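**Student:**
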Amino acid sequence: MRQIHVIGGGLAGSEAAFQAAEAGVKVILHEMRPTRPTFAHQTEALAELVCSNSFRSDDWLNNAVGLLHEEMRRAGSLVMRAADAHKLPAGGALAVDRHGFSAAVTAALEAHPNIAIRREEITRLPPPEDGVCIIATGPLTSEALGAAILAATGEDSLAFFDAIAPIVHRDSIDFDIAWMQSRYDKKGPGGGDADYINLPLDEQQYKDFVAALIAGEKTDFKDWEKSTPYFEACLPIEVMAERGPETLRFGPMKPVGLQDPRSESRPYAVVQLRQDNALGTLWNMVGFQTKLRHGEQSRIFRTIPGLENAEFARLGGLHRNTFINSPRLLDRQLRLKSQPHLRFAGQVTGVEGYVESAAIGLLAGRLAAAEALGGEQAPPPPPQTAFGALLGHITGGADAKTFQPMNVNFGLFPDLEVGTNPRTGKPMKIKGGDRKQAMARRALAALEDWLAKKPGPA
Ligand SMILES: Cc1cc2nc3c(=O)[nH]c(=O)nc-3n(C[C@H](O)[C@H](O)[C@H](O)COP(=O)(O)OP(=O)(O)OC[C@H]3O[C@@H](n4cnc5c(N)ncnc54)[C@H](O)[C@@H]3O)c2cc1C
Numbered sequence: 052m053r054q055i056h057v058i059g060g061g062l063a064g065s066e067a068a069f070q071a072a073e074a075g076v077k078v079i080l081h082e083m084r085p086t087r088p089t090f091a092h093q094t095e096a097l098a099e100l101v102c103s104n105s106f107r108s109d110d111w112l113n114n115a116v117g118l119l120h121e122e123m124r125r126a127g128s129l130v131m132r133a134a135d136a137h138k139l140p141a142g143g144a145l146a147v148d149r150h151g152f153s154a155a156v157t158a159a160l161e162a163h164p165n166i167a168i169r170r171e172e173i174t175r176l177p178p179p180e181d182g183v184c185i186i187a188t189g190p191l192t193s194e195a196l197g198a199a200i201l202a203a204t205g206e207d208s209l210a211f212f213d214a215i216a217p218i219v220h221r222d223s224i225d226f227d228i229a230w231m232q233s234r235y236d237k238k239g240p241g242g243g244d245a246d247y248i249n250l251p252l253d254e255q256q257y258k259d260f261v262a263a264l265i266a267g268e269k270t271d272f273k274d275w276e277k278s279t280p281y282f283e284a285c286l287p288i289e290v291m292a293e294r295g296p297e298t299l300r301f302g303p304m305k306p307v308g309l310q311d312p313r314s315e316s317r318p319y320a321v322v323q324l325r326q327d328n329a330l331g332t333l334w335n336m337v338g339f340q341t342k343l344r345h346g347e348q349s350r351i352f353r354t355i356p357g358l359e360n361a362e363f364a365r366l367g368g369l370h371r372n373t374f375i376n377s378p379r380l381l382d383r384q385l386r387l388k389s390q391p392h393l394r395f396a397g398q399v400t401g402v403e404g405y406v407e408s409a410a411i412g413l414l415a416g417r418l419a420a421a422e423a424l425g426g427e428q429a430p431p432p433p434p435q436t437a438f439g440a441l442l443g444h445i446t447g448g449a450d451a452k453t454f455q456p457m458n459v460n461f462g463l464f465p466d467l468e469v470g471t472n473p474r475t476g477k478p479m480k481i482k483g484g485d486r487k488q489a490m491a492r493r494a495l496a497a498l499e500d501w502l503a504k505k506p507g508p509a
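Take 52 as the starting number for the sequence shown in the working numbering and just add one per residue.
#1: Short of 6 Å in beta carbon distance, which residues of its chain neighbour Glu268, apart from the five on each side in sequence? Order them along the chain.
#2: Would you report the Cα separation of Leu97 and Ala214, rounded to the nearest angstrom?
#3: Does at least one heavy atom of ligand 1 sit under 8 Å from the Cβ of Ala98?
#4: Which residue comes first and which comes last in the beta strand (DSSP E) that contains Ser510?
#5: Where DSSP assigns a beta bridge to Pro478, which residues make up the other side?
#6: Assuming Met123 is part of the alpha helix (DSSP H), what are its boundary residues?
#7: Could you tell me which uninterrupted beta strand (DSSP E) segments, each at least 3 residues in length, are contained entirely in the region 385-444, listed from first to last along the chain?
#8: Note down the Cα distance separating Leu34 from Leu380, rounded to an integer number of angstroms.
#9: Among Asp148, Leu358 and Gly367, which residue has its Cα nearest to the Cα of Gln455?
#10: Have a look at the DSSP bridge pairing and note the partners of Tyr247.
#11: Tell me which same chain residues have a C-beta within less than 8 Å of the C-beta of His92, skipping the five on either side of it?
#12: Among all the DSSP beta bridges, which residues are the ones paired with Cys184?
#13: Is Pro190 near ligand 1, judged by its Cβ being under 8 Å from some heavy atom?
#14: Can you round the beta-carbon distance between Leu418 and Leu385 to whole angstroms, since I take them to be within the 8 Å contact cut?
#15: Cα-Cα, which of Val130, Ala68, Ala72 and Leu145 is closest to Asn104?
#16: Between the Cα of Gly439 and the Cα atoms of Asp110, Ala71 and Glu122, which residue gives the shortest distance?
#17: Expressed to the nearest angstrom, what Euclidean distance is found between the alpha-carbon atoms of Val57 and Leu393?
#18: Let's see if you can read the secondary structure: which residues bound the beta strand (DSSP E) around Glu161?
#19: Alpha carbon to alpha carbon, how far is His137 from Pro164?
#20: Tell whether a beta-carbon distance below 9 Å holds between Ile168 and Ala67.
#21: May I ask you to report which of helix, strand or coil DSSP gives Val219?
#22: So Leu333 is in the beta strand (DSSP E); what residue range does that whole segment cover?
#23: From which residue to which residue does the alpha helix (DSSP H) around Lys487 run?
#24: Any chance the CB of Cys102 is under 8 Å from a heavy atom of ligand 1?
#25: So the candidates are Leu299, Glu172 and Ser233; which of them puts its Cα closest to the Cα of Ile265?
#26: Do Thr89 and ligand 3 come close, with the Cβ less than 8 Å from some heavy atom?
#27: If you follow the beta strand (DSSP E) that His345 is in, where does it begin and where does it stop?
#28: Apply the 10 Å Cβ neighbour rule to His220 and answer buried if 16 or more other Cβ atoms are within range, or exposed otherwise.
#29: Under the assumption that Pro465 contacts Gln488 (Cβ atoms under 8 Å), give the Cβ distance between them as a whole number of angstroms.
#30: Can you tell me the Cα-Cα spacing of Gln310 and Val322, whole angstroms?
#31: Could you name the residues that DSSP lists as bridge partners for Val15?
#32: Please state if the CB of Ile79 and the CB of Ile200 are separated by a distance shorter than 9 Å.
#33: Rounded to whole angstroms, what's the CA-CA distance from Met231 to Thr204? Just pull it up for me.
#34: Sort out for me which residues DSSP pairs Arg365 with in a bridge.
#35: Determine, using beta carbons only, whether Glu172 and Arg53 come nearer to each other than 9 Å.
#36: Quick check on this structure: which residue in Leu495, Ile288, Pro287 and Gly331 has the alpha carbon closest to the alpha carbon of Ala364?
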């Protein structure tokens, strides 16, 4: 079967359709706009950028998203070609003229001899007899298709909200105040008894903190988010604070099972941070998902003892975002394990951002095309590449139980080891900027090998 269906003409679907069409496969691209609009899209153009016009850093040597840009360029990405053609001055970032960018993607797809575009909403999952299909319907997947995905994947496997807690750079935390301990010194699976960073608050500090949360300026739920109930398990911290003065002290800020080694007593309240990346450089504030405005988050969270000089790698948020539990559901070919004729791509797979979504679209398009053309599996990209690191994370590297959308970052890449230390006999490691640059160079070398490979057994 030399024809595939792509559902959704956003960043991922447009790139997937282009890649498959370039490989010689006939593609039918189904896009529901303008027949059925979404609340965020403003136009009927394909690959519309719904919010910012930035593709973030374009520095391939020092930044993981810049490296992903470069890998996509080398793999013949339409999204990157259009972005480069409609670039605006933005320092080291790649910002684009949003209308010029989307118009260029739309024109390229409309003109492609292997692509037919159908403006229609798809409301059910296509059966196997319809052939290979890529679902790239994004964070605003229409309700009917969302229900069909939910029915096919099970209740726990489709999320409608993205509840993000702030992430702090470890080296900006004051360890004259913070200490490492797991609650009740309990060892977790594969962990130790001191896996968390703990920050103590006394009674007054706690009360001031709760008052600041309640008074803090919040972002509103958009109309379309109001109708989607959020789960009790991921209530915003300020909503918990409003429920009563003690709610947080019995929730995410509970001090039980923890002892401050300096005062040798149990603090009145505690903020815990959990390791967020394999390298141990990024730490997640446990239970601190929030709808406070970003400026307010930095200001209020820096009142927590130990976080006075905190640098946030990412601030918290809570917004509508449809995504599947990819680590549980998808194989390395981005196929739904239970229905392998269906592939997923883009934000719905649990990657975050325009570039990451388009990158997963590129992979899905190539992998699907190889299958449609020859029935053979194309090898997935090696884990040393940004493509492979991201793919590896969503298809198994991330913990399925706590899976949340992810940007590409060097924490997802396998570590670099350069020989052994003659004194200790242990593997040596490169640190800091040199490490990123060595990883970036390693990635591009691995990418070239991968691009040269022909489809064959994976
Ligand atoms: C409000 C909002 C703001 C955001 N801001 C940013 C930002 O500033 N920067 C950033 O990097 N990322 C941002 N994102 C995330 C952004 O959506 C993704 O990065 C990117 O658009 C995802 O690409 P995608 O192709 O997966 O989804 P989309 O680009 O949304 O494309 C999905 C397409 O599928 C179509 N579709 C949906 N259901 C169906 C159906 N049943 N049948 C046919 N077609 C269908 C939609 O109309 C849409 O065109 C934002 C998301 C939202 C919701």
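Positions of the beta carbon are idealized from the N, C-alpha and C atoms, including for glycine. In this text the structure is predicted, and so the values were computed from the model without any measurement.
**Tutor:** On the basis of the supplied data:
#1: Arg344 and Glu347
#2: 28 Å
#3: yes
#4: Because the chain here runs from 52 to 509, residue 510 falls outside it and cannot be looked at.
#5: Thr471
#6: Ala115 to Arg125
#7: 390-395
#8: No answer is possible for residue 34: the residues shown for the chain start at 52 and end at 509.
#9: Gly367
#10: Arg325
#11: Arg84, Glu99, Val101 and Leu191
#12: His56 and Leu393
#13: yes
#14: 6 Å
#15: Leu145
#16: Glu122
#17: 10 Å
#18: From DSSP, Glu161 is part of no beta strand (DSSP E) but of the alpha helix (DSSP H) over Arg149 to Ala162.
#19: 24 Å
#20: no
#21: strand
#22: Leu333 to Met336
#23: Gly483 to Ala503
#24: yes
#25: Leu299
#26: Inclusion of ligand 3 in the displayed structure is not the case, the ligand content consisting of ligand 1 alone.
#27: From DSSP, His345 is part of no beta strand (DSSP E) but of the alpha helix (DSSP H) over His345 to Phe352.
#28: exposed
#29: Wrong, their Cβ atoms sit about 16 Å apart, outside the cutoff.
#30: 13 Å
#31: Examination of residue 15 is not possible in this model, given that the chain is present from 52 through 509 alone.
#32: no
#33: 38 Å
#34: Ile218
#35: no
#36: Gly331
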